[in-house]
Amino acid sequence: MSVEQNLTEINTRISKACELAGRNTGEVELIAVSKTWPAEHVQKAIDAGQNVFGENKLQEGQEKIPVLSEGLEWHYIGGLQRNKVRKVLGLFHVIHSIDSLKLAKYTNNVAGDMELNPSVLLQVNIGDEASKGGFSAEELEGCFSDLLELKNLKITGLMCIPPAVSASEDARVWFKKVADLRDQLEKSNDCKLPHLSMGMSSDFETAIAEGATYIRVGTSIFGKR
Ligand SMILES: *Cc1c(COP(=O)(O)O)cnc(C)c1O
0 MSVEQNLTEI
10 NTRISKACEL
20 AGRNTGEVEL
30 IAVSKTWPAE
40 HVQKAIDAGQ
50 NVFGENKLQE
60 GQEKIPVLSE
70 GLEWHYIGGL
80 QRNKVRKVLG
90 LFHVIHSIDS
100 LKLAKYTNNV
110 AGDMELNPSV
120 LLQVNIGDEA
130 SKGGFSAEEL
140 EGCFSDLLEL
150 KNLKITGLMC
160 IPPAVSASED
170 ARVWFKKVAD
180 LRDQLEKSND
190 CKLPHLSMGM
200 SSDFETAIAE
210 GATYIRVGTS
220 IFGKR
């Protein structure tokens with residue numbers, strides 16, 4: 000199937016999942032994850048009307064973002080090292096992968112320098128996996144008030160990559176844990192965290208059922224990497 004057909008199908012599945020969950024389709028933003036694909040392939044999705052994209056490496060963003068149309072929205076979804084922060088802030092509109100208080104403080108300082116107020120999400124290592132980055136739930140509850148002090152960052156929500164499961168339905172418990180953590184943080188800090196970035200090609204419908212507002216879909220749009 001073509002990228003255009005894939006996008007049509009994904010958007011239909013998003014609408015159905017929203018309907019089943021009693022949510023408006025407009026509450027869920029599809030982020031087309033274009034990592035590893037060249038600009039020409041990404042252009043097919045743009046031609047089909049997609050305008051929100053995700054990349055997980057600075058270098059790929061540097062190659063693609065300047066040559067593709069202006070007016071697209073680019074989300075940085077990969078691990079973020081300090082030495083990349085300045086360039087990532089200069090290119091991307093939303094960062095999903097703030098994974099420690101230290102990185103948040105550093106990003107806040109750089110954003111101040113650059114006179115930017117970036118939207119960021121906090122990555123949660125919801126399965127406490129050694130192989131993955133992110134705040135543990137306890138850590139996040141412990142330092143959340145410090146994070147809210149970082150005035151140059153607009154903290155809009157939480158992001159997760161849950162433990163690998165064999166069936167989409169098995170991811171539900173992890174998505175639910177992230178949504179519950181969000182509710183808890185909102186309550187104890189009297190703040191709003193509207194976004195939940197969760198769900199990929201294999202499980203985005205389950206994520207939508209549990210409240211995802213950003214789904215990050217690569218393979219089902221662009222093909223196997
Ligand atoms: C690659 C990637 C995705 C997309 O995964 P697919 O299975 O190809 O849909 C989503 N989120 C992150 C953080 C990724 O690195």
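To convert, note that position 213 of the sequence shown is 212 in the numbering used here; the numbers rise steadily by one, no gaps.
Ideal placement from N, C-alpha and C gives every residue a C-beta, glycine not left out.
Below 6 Å CB to CB, which residues in the same chain sit around residue i once its five sequence neighbours on both sides are set aside?
i, result
"W173", "I125, P161"
"A211", "L195, M197, G198"
"A208", "A20"
"Y75", "V87, F91, I94"
"L79", "S96"
"S33", "V41, F52"
"S118", "V93, K153, T155"
Report the three-state DSSP secondary structure of residue i (helix, strand or coil).
i, result
"Q4", "helix"
"C17", "helix"
"W36", "coil"
"I9", "helix"
"I45", "helix"
"A129", "coil"
"V123", "strand"
"G53", "strand"
"V164", "coil"
"I97", "strand"
"C190", "coil"
"E72", "strand"
"S196", "strand"
"F91", "coil"
For residue i, I'd like the list of residues in its chain whose CB is within less than 7 Å of its CB, leaving aside the five on either flank, ordered along the chain.
i, result
"L149", "A103, K104, N107"
"D145", "L100"
Tell me whether residue i, by its Cβ, gets closer than 6 Å to a heavy atom of ligand 1.
i, result
"V243", "Within the shown structure, residues of the chain are numbered from 0 to 224, placing residue 243 beyond reach of any answer."
"N55", "yes"
"R181", "no"
"T218", "yes"
"R215", "yes"
"I76", "yes"
Label residue i either buried or exposed according to how many other C-beta atoms from any shown protein chain fall within 10 Å of its C-beta, with 16 as the threshold for buried.
i, result
"K63", "buried"
"R215", "buried"
"G60", "buried"
"D202", "buried"
"A166", "exposed"
Since residue i sits in a beta bridge, which residues does DSSP pair it with?
i, result
"K153", "S118"
"R215", "I30"
"C159", "V123"
I'd like to confirm something about residue i: is its beta-carbon nearer than 6 Å to some heavy atom of ligand 3, or not?
i, result
"M199", "What this structure holds is ligand 1, not ligand 3."
Please go through the same chain and pick out, in chain order, the residues whose beta-carbon is closer than 8 Å to the beta-carbon of residue i, but skip the five residues on each side of it.
i, result
"L115", "L88, N151"
Does the CB of residue i have a neighbour CB from chain E at under 7 Å?
i, result
"T205", "Here there is only one protein chain, and chain E is not present."
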